[in-house]
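Trainee: Just passing along the structure, written as structure tokens.
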Amino acid sequence: MLKIYNTLSRKVEEFAPISPPNVGLYICGPTVYDYFHIGNARTFIMADMIRRYLEYKGFKVKFVMNITDIDDKIIKKSVEEKISASEIARKYTEAFLEDLNRLKIKPATVYPKATEHMDDILKMIEILIDSTAAYNVNGNVFYDVSAFKSYGKLSGKKTDEIEAGARVEVMEEKKNPLDFALWKKSKEGEPSWKSKWGNGRPGWHIECSAMSCKHLGETFDIHAGGNDLIFPHHENEIAQSEVSNQKTFVKYWIHFGFLNINKEKMSKSLGNFFTARDVLAKYSAEAIRLLFAQAHYRGPIDFTDELLAASEKGLEKLTNLRDAIESALSKNKPGEVDPDFNLQSFEKRFNEALDDDINTSQAVAVIFDFVKEVNRKISEFENLNIDFYIKIKEFLIRTAGNVLGIINFDAEDVKSDSLLENNLIGLLIEIRQKAKKEKNFQLADEIRKKLEEYGVILKDTKDGTDYLKRN
RNA sequence: GGCGGCGUGGCCAAGUGGUUAAGGCGAAGGUCUGCAAAACCUUUAUGCGUCGGUUCGAAUCCGACCGCCGCCUCCA
34 MLKIYNTLSR KVEEFAPISP PNVGLYICGP TVYDYFHIGN ARTFIMADMI
84 RRYLEYKGFK VKFVMNITDI DDKIIKKSVE EKISASEIAR KYTEAFLEDL
134 NRLKIKPATV YPKATEHMDD ILKMIEILID STAAYNVNGN VFYDVSAFKS
184 YGKLSGKKTD EIEAGARVEV MEEKKNPLDF ALWKKSKEGE PSWKSKWGNG
234 RPGWHIECSA MSCKHLGETF DIHAGGNDLI FPHHENEIAQ SEVSNQKTFV
284 KYWIHFGFLN INKEKMSKSL GNFFTARDVL AKYSAEAIRL LFAQAHYRGP
334 IDFTDELLAA SEKGLEKLTN LRDAIESALS KNKPGEVDPD FNLQSFEKRF
384 NEALDDDINT SQAVAVIFDF VKEVNRKISE FENLNIDFYI KIKEFLIRTA
434 GNVLGIINFD AEDVKSDSLL ENNLIGLLIE IRQKAKKEKN FQLADEIRKK
484 LEEYGVILKD TKDGTDYLKR N
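Per the numbering used here, the first sequence runs over residues 34 to 504.
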């Protein structure tokens, strides 16, 4: 039974979806005005792992990730770069989808865009005005926080205390400093949409309420996002949706910890960030995912090169085993030994770890324990039967592959697919073999070293020399 | 000021009342090897921020203190 921490109740709860086996999962996607950074990537990756685990458990997940493609920041950027706002949005939406793909994040079921949901947004604002939870001042429409008694239930904030903090934006048009914009009047030359209240564009919070309702219904299972969205963004979503639909908005709220740089939050405003692209240029997606999986999703991670390098190194344990499995399976030389190997116990431990509030760190430990145990069997017995290799391969694909996304068995870099290349490498291996026999180790080592420079790694085993390609 | 969280080996990190405190990186020694690589074996926290308390028993519960971070404003 999966248990998960719910920000709303501040407790670990049993996960019981509204209409099993279906699960609705919504996550706040990016505002597309720039490349996203590796801290954003943590949220996307952890949501992806939760989604994949739910699917592993047999749930049918509808995964919705919105794209905010109209916003003040996009307009600002379009002025700076002298390109239209829609062109900025288009460019960074494309980059966003590309980066998700490179991070091995499974595509969402839908990526709704704000600009394509104007009717839904306008309709929701109208309902809010009709129910007196919103008011129009000269073409700006605001949500009236005092209209929603439960305001603050997610963040644990009380409206009077927030006002005491006096750090909220004060606008003369607002009745209450906490009120937030649902519809913003557009200035001359800015992108705008027609509405009853004049030309303008939607506020940030209302988009998520309108789009999640459209794609997942008035009440859905899981809403996830970064810690910093709890207040005000998610609080405001609750206020809008629960007043306009008169129903509970979301059953489980999940929030992810930050990625820090020198113990400080990584953020665009502090400028202390690396884009996901920067990091992907130096490290593999699998290493990034392993790094995130090794910590608890709610805690902070201090991001450093050393940590990523360590993850990259740890990953080699996994890829080395993968290569050994593929090599054994391709040899077509079935052995007879059927080792005593309790695969179920590993699968059980893996499940228990993730069932316990998505303890990915524990799950990773199970995978490494498994790798060690398999390697032990491989070094203990010379010819293990094919059945054993097939079973352990399937286990790794199911768990480390499909759920955690830290290993890929479809990698084309294991062996070359070019016959000529294979033959040439085979020839060099033969020559090296002869050199070794004649104790010409200098030549043998030179061949090995040169091939390594070209990305071909030789491994001397009892049966001869094996090789694999890496770049 | 309000609310939330954190402090575990050289580094990262799980564990939140009960056998020898997971796992990864690093380090040392060994097996295998011509040498490597990989893999395996052994070693690497009598102790979990500090001081008290509860308990037969605490990293785990309670109290105080020290240190660090986040949200309260656009931010994953």
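Just so you know, even glycine gets a beta-carbon here, dropped at the ideal spot from N, CA and C. Fair warning: this is a prediction, and the values are worked out from it, not measured in the lab.
What would DSSP say about tryptophan 237, mapped onto helix, strand or coil?
Mentor: Tryptophan 237 falls in the helix class under three-state DSSP.
Trainee: Assess contact between the segment 315-325 and the segment 359-373, defined as three or more Cβ pairs (one per stretch) separated by less than 8 Å. Is contact present?
Mentor: The answer is no - the segment 359-373 does not touch the segment 315-325, with fewer than three Cβ pairs under 8 Å.
Trainee: Could you give the DSSP three-state label for methionine 9: helix, strand or coil?
Mentor: The structure shown does not extend to residue 9, since the chain spans only 34 to 504, so no value can be given for it.
Trainee: With 16 as the cutoff for other CB atoms within 10 Å, does lysine 280 come out buried or exposed?
Mentor: Flag for lysine 280 reads exposed.
Trainee: Below 8 Å between beta carbons: does that hold for threonine 352 and histidine 70?
Mentor: No, the Cβ-Cβ distance between threonine 352 and histidine 70 is not below 8 Å.
Trainee: Answer yes or no: do threonine 393 and leucine 452 have a C-beta to C-beta separation smaller than 8 Å?
Mentor: Against a cut-off of 8 Å, the Cβ pair of leucine 452 and threonine 393 comes out as no contact.
Trainee: Classify glycine 236: buried if its beta carbon has 16 or more other beta carbons within 10 angstroms, exposed otherwise.
Mentor: With 16 or more other Cβ atoms within 10 Å, it is buried.
Trainee: DSSP three-state call for leucine 303: helix, strand or coil?
Mentor: DSSP places leucine 303 in coil when its eight states are reduced to three.
Trainee: Quick check on this structure: which residue in Asp212, Glu223 and Arg331 has the alpha carbon closest to the alpha carbon of glutamine 273?
Mentor: Comparing Cα-Cα distances from glutamine 273 to each of Asp212, Glu223 and Arg331, the minimum goes to Asp212.
Trainee: Specify the secondary structure class of glutamate 251 as computed by DSSP and reduced to three states.
Mentor: Three-state DSSP puts glutamate 251 in coil, outside helix and strand.
Trainee: From what residue to what residue does the alpha helix (DSSP H) around isoleucine 423 run?
Mentor: Its alpha helix (DSSP H) spans residues 419-429.
Trainee: Under 8 Å, with one C-beta from each stretch per pair, do the segment 329-349 and the segment 149-165 reach the 3-pair mark?
Mentor: Result no; under three Cβ-Cβ pairs closer than 8 Å.
Trainee: Could I get the ranges of all uninterrupted alpha helix (DSSP H) runs contained in the segment 112-152, with 4 residues as the minimum, in chain order?
Mentor: Whole alpha helix (DSSP H) segments, 4+ residues: 118-135.
Trainee: Alpha carbons only, please: which of Leu348, Thr126 and Ala477 is nearest the one belonging to methionine 98?
Mentor: The option with the nearest alpha carbon to methionine 98 is Thr126.
Trainee: Using DSSP bridges, identify the partner residues of lysine 44.
Mentor: Bridge partners of lysine 44: Asn39.
Trainee: Since lysine 350 is in the alpha helix (DSSP H), which residue starts that stretch and which ends it?
Mentor: Counting along the chain, the alpha helix (DSSP H) containing lysine 350 begins and ends at 338-364.
Trainee: Does the Cβ of arginine 43 have 16 or more other Cβ atoms within 10 Å, making it buried, or fewer, making it exposed?
Mentor: By the neighbour-count rule (16 or more Cβ atoms within 10 Å), arginine 43 is not buried but exposed.
Trainee: Give a yes or no on contact between the segment 104-114 and the segment 404-421, applying the rule of three or more CB pairs nearer than 8 Å.
Mentor: Because the criterion of three Cβ pairs below 8 Å is not met, the segment 104-114 and the segment 404-421 do not touch.
Trainee: Per DSSP, what kind of secondary structure is alanine 167 in: helix, strand or coil?
Mentor: Strand, per DSSP.
Trainee: Mapping DSSP to helix, strand and coil, what is valine 399?
Mentor: Residue state, collapsed to three classes: helix.
Trainee: Would you say leucine 187 and isoleucine 83 are within 8 Å of each other, going by their C-beta atoms?
Mentor: For leucine 187 and isoleucine 83, no; Cβs fall outside 8 Å.
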